[in-house]
Structure formats: C-alpha cells, structure tokens
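S.K.: Positions 1 to 91 (our numbering) are the ones given, in order, by the sequence shown.
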Amino acid sequence: MPDIDIVAADANTYDVTITDDDGEQTSHRVWVPPSVLTDLGLSEAQEPVLVRASMAYLLEREPASSILPQFGLDEIARFFPNYPTEIGTLL
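Written out as structure tokens, the structure reads:
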C-alpha cells in the first residue's frame, strides 16, 4: 500500500501526498464538506481519519496518478457510487 501523508492546509482542507512503492509521488488537495461529516456521524476532529480512509478507498480502485489533483470528498460518489456506504466500514 502506498504511503499517504496528510497535512491540514486550511479549514476543512488537506494537502495529501501519496508515495508509491517506487518512490513516485502525487499531490492532491482534498476538502471535507460539512455535509459529509454529518452524513457519516463524524466530528471535525475526525476529518484527517476520513481523508486517509477515503484516499485508501480510492487507491484500492485506481492508481494514485488517476486521482484528481483537487476534489471534495462528496465528489467521490460520482465516480464510485458505493463510496457513501462503503467508507463507513473503513473508519
């Protein structure tokens, strides 16, 4: 599994760097809409855990180079319709 480094960039926004086994890196800016936290019954303090789980979820389905450079967690379901129900099991 690639290494996932998460740094808070701003309120509800995170800079994520993914480093694969070959040392290749990709960078992503991810924001967490409050509605996603509410739907999952999570607090703001749990945002980094949700971001990490969401990135791991995406990496199980596509290479890091295919993950959008900027996106909100609410956008994942457009590409992976089961995300809202499956992410809860990864937390």
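Note that the Cβ used here is the ideal one computed from N, Cα and C, for glycine as well.
#1: Given 8 Å as the limit, is there contact between the region 36–51 and the region 18–28, that is, 3 or more CB pairs closer than that?
#2: Does DSSP put I76 in a helix, a strand or coil?
#3: Where does E62 land, buried or exposed, given buried means 16+ other C-beta within 10 angstroms?
#4: To the nearest angstrom, how far is it from the Cα of Q46 to the Cα of M1?
#5: Whole angstroms is fine: what's the gap from I18's alpha carbon to E60's?
#6: For D10, tell me which candidate among L91, W31, A64 has the shortest Cα-Cα distance.
#7: For L50, collect the residues of the same chain with a Cβ closer than 8 Å to its Cβ; drop the 5 residues on either side in sequence, then sort them by chain order.
#8: Would you kindly check if the distance between the Cβ of I76 and the Cβ of P48 is under 9 Å?
M.R.: With the given structure in hand:
#1: no
#2: helix
#3: exposed
#4: 22 Å
#5: 13 Å
#6: W31
#7: V32, V36, L37, L40, L42, L73, I87, L91
#8: no
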